[in-house]
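Our numbering puts the last residue of the sequence shown at 434; the count rises by one with no breaks. Every residue gets a Cβ at the ideal spot worked out from N, C-alpha and C, and that includes glycine.
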Amino acid sequence: MSINITDKFHEFLADSNLALALESVKRVDDVFDIINPNETQHSCILQWLFDPREGHGQGEEIFKDFLNAVYNVDSESDFHQDLFKAWTPSRIAVSGFQSLIVVREKSILKKGRQDLLLVDPVHKFIILVENKSGSRWTAVQLKSYRTQLEALAKPRKPYHGYKIGLVLLDRLKDEETLDDGEVKRWAYIDYTWLEKAARRAEVRASRNGDLGHQLVISYCRRQAGYESTEERKLDEILVSLNQAHRDVVHEIGLARRTKRPGSTHLALDGIESLIWVWTHQNRDLSAMLENQKPLAFLKGALEKTFGSSLDFDVRKKTMLVIDKSWESFCDPNSVPSWPFLIKVRDTSLSDDGALPEKRKYSVVVEFWHGFVKNNLVGEIRMVLNKLYGKEALRFSGANVRRLGRQKDITEDKLHGEVKKMLTTLQRELEAITS
């Protein structure tokens, strides 16, 4: 531990952003931080969310979000279900579902206990939802449920005249299972449709602080990966703290990995002991600080400059920056990948994680010609020759060409260099008609 880490730790403790972060992580509304619902309990929560008469304060809007998500998946499926084909977004928007009945964990069919049945006696439909919140399901089980429900809709059966819908709801949706013959008969969705409910709840909670809205936000945060406005602000604070106090965050990471306290850790007679105690007194914040990627500060700065037009892949030492519009250059017959990207690398971070006094970075454009539409390769090469001259002609047969490399960029100039490189490339590529 360096001799001046005491002063650095004191500067860290005095940082006003630390006070904001400590207050922000004290979320009393997120009950799912302390309990881990099982599949049955997830069905209970979904029953509460779908019921328009419950206390979440959103009426039938959550069910409408769900029905819209199912419609979108079904419309892209090879096997269209008549019920979802009929319920288009425009019809959903002008219809009411106050008559909806939500039945949970009842054995309506002969075998098994179905997770959720959504029955509307006015609109004459019944939707069977198999909710697998991270657990496994089998095609045999799904086929059994489907055939039994179809039998109940036949003449002289309870649901004769009702349209039937089948939905598989899985937080860990696996696209590879879509080739399964039975899965194709179901609308297979994840939980991302809950994000709309979370946004509505966030706005309403800010007005009246109703606990029902807070519970909606909490569940959506867990299942749909929803990030609230408060969480986005906290992330910005964490990025700022990490960037300003890297040496201290490094020591906090070491303290986190020493979980069993020895006599030296509890002595409170030295900086190592004090950092260890502080780290374990503030476990959540310490974990958030350590888990921040070193280049997260650049991602935040670029998002402020370019909005949502960029995509990022942030890793330990590198970050890839991609303009989403470059997808129009991609060859649909090749392995899905970006033909262009800007790679930013932290060249000062050693393999053992040691931190230098002053950080340096490199920035380079990567061109993967094998992922470009064949009819555009010639035009793109002309653009690259214009921008990078002889450098673009070297290694022309290579799978990837790295162009315009800038080295030894200091942290205060990094955003400007990446912005300049990106806007130049964007401007020249816009002239190419895809």
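Assigned with DSSP and collapsed to three states, Q41 falls in helix.
Under DSSP, S362 shares a beta bridge with R345.
Below 8 angstroms, enough C-beta pairs join the segment 405-424 and the segment 358-377 to call them touching: three or more.
Minimum Cα-Cα distance from Q148 among the listed residues S99, I126, L169, N131 corresponds to I126. By the neighbour-count criterion, in which 16 or more other beta carbons inside 10 Å mark a residue as buried, E251 falls on the buried side. Secondary structure at D269: coil, using DSSP grouped into helix, strand and coil. Restricting attention to beta strand (DSSP E) runs no shorter than 3 residues, the segment 125-209 encloses them at 125-132, 163-170, 187-189, ordered along the chain. Between the C-alpha atoms of I101 and E60 there is a straight-line separation of about 11 angstroms.
Contact between V365 and I342 is confirmed by a C-beta separation of about 6 angstroms, below the 8 angstroms threshold.
Contact holds between the segment 75-91 and the segment 178-192, because three or more Cβ pairs, one in each stretch, are under 8 angstroms apart.
Note: I101 is bridge-paired with V119 in the DSSP secondary-structure output. When only Cα atoms are considered, L289 and S362 end up about 24 angstroms apart. Contact between W48 and L67 fails: their C-beta atoms lie close to 17 angstroms from each other, not under 8 angstroms. Nearest to L425 by alpha-carbon distance, out of L142, F367, Q141, H415, is F367. Look at G404 here: in three-state DSSP terms it is strand. DSSP places F312 in no alpha helix (DSSP H) but in the uninterrupted beta strand (DSSP E) bounded by 310-314. Of the candidates A93, E150, I271, I45, E150 places its Cα closest to the Cα of Q81. With fewer than 16 neighbouring CB atoms inside 10 Å of its own CB, E23 falls in the exposed class. The beta carbon of K124 sits closer than 8 angstroms to those of G161, Y162, K163, all from its chain and outside the five residues before and after it, given in chain order.
Out of S95, K85, P155, F63, the CA that lies nearest to the CA of V129 is found in F63. Residue environment analysis places R315 among the exposed positions, since fewer than 16 neighbouring C-beta atoms fall within 10 angstroms of its C-beta. Only residues of its own chain outside the window of five on either side were considered, and among them V363, Q406, I409 have a CB closer than 7 angstroms to the CB of E417, listed in chain order. Taking a 10 Å sphere around the C-beta of D51, we find 16 or more other C-beta atoms and assign the residue as buried.
Per DSSP, the continuous beta strand (DSSP E) segment holding D323 begins and ends at 318-323. Bridge pairing for V372: C330 [DSSP].
By the criterion of a C-beta distance shorter than 8 angstroms, H415 is surrounded in its chain by L298, A301, L302, T305, once the five residues flanking it on both sides are discounted.
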